[in-house]
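In our numbering, the protein residues as written are 134 to 257.
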Amino acid sequence: MSDMQRLNIIVASRDGARFYAALETGIAAAALGRPARLFLQGEAAALLRTPVTFAGDSAREAVGQPGLAALIAEAMAMDVDLFVCQSGVALAGMTANDLVPQVRAAGLVSFLADARADDRLLVY
Numbered sequence: 134m135s136d137m138q139r140l141n142i143i144v145a146s147r148d149g150a151r152f153y154a155a156l157e158t159g160i161a162a163a164a165l166g167r168p169a170r171l172f173l174q175g176e177a178a179a180l181l182r183t184p185v186t187f188a189g190d191s192a193r194e195a196v197g198q199p200g201l202a203a204l205i206a207e208a209m210a211m212d213v214d215l216f217v218c219q220s221g222v223a224l225a226g227m228t229a230n231d232l233v234p235q236v237r238a239a240g241l242v243s244f245l246a247d248a249r250a251d252d253r254l255l256v257y
């Protein structure tokens, strides 16, 4: 693991644009050598239901940006860790089989317990 401060990002709403921005932030941190982790809390868990889409995909793809599913794949390829709220999965009526592969279920307490004292925390 890098000696740089790790970036912990919590996505607290079911807003595809906010999740997209959080992913971009995590990818940018990873590109700079900073470890990054994202936690989708509560209803935001539904954003990881396969097949992944959001209303902004067409507009982004039209200007050469990746859609949300491709951005998630890019984040994972850059070792950005994705965690999803166990309660949020239940709230969305989903099971682990409905989620993007490689996403790990966790609780907010365990996500924060794994944060180091010098880590950075952002909430989207």
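Where is the CB? At the ideal position from N, CA and C, for every residue including glycine.
### Rounded C-alpha distance that separates F172 from A192
26 Å
### Task
Return the chain-ordered ranges of every beta strand (DSSP E) run that is complete within the segment 144–232 and spans a minimum of 3 residues.
169–173 and 214–218
### Task
Assess, as a yes-or-no matter, whether the segment 150–167 is touched by the segment 195–211 under the definition of 3 or more beta carbon pairs within less than 8 Å.
Contact holds: three or more Cβ-Cβ distances are below 8 Å.
### Task
Indicate whether D231 and R151 have their beta-carbon atoms separated by less than 7 Å.
no
### Nearest-angstrom Cα separation, counted from V236 out to A202
Straight-line measurement puts the Cα of V236 at about 13 Å from the Cα of A202.
### Query
G258 to F244, Cα distance in whole Å?
Since the first residue of the chain shown is 134 and the last is 257, residue 258 is not available in this structure.
### Task
Please go through the same chain and pick out, in chain order, the residues whose beta-carbon is closer than 6 Å to the beta-carbon of L254, but skip the five residues on each side of it.
N141
### Task
With a threshold of 16 other CB atoms inside 10 Å of the CB of R249, please say whether the residue is buried or exposed.
That one is exposed.
### Query
When the Cα atoms are used, what is the spatial distance from T186 to A238?
In a straight line, the C-alpha of T186 is about 20 Å away from that of A238.
### Query
Going by C-alpha distance, which of P168, A206 and I143 is nearest V276?
This structure leaves residue 276 out entirely; the chain is present only between 134 and 257.
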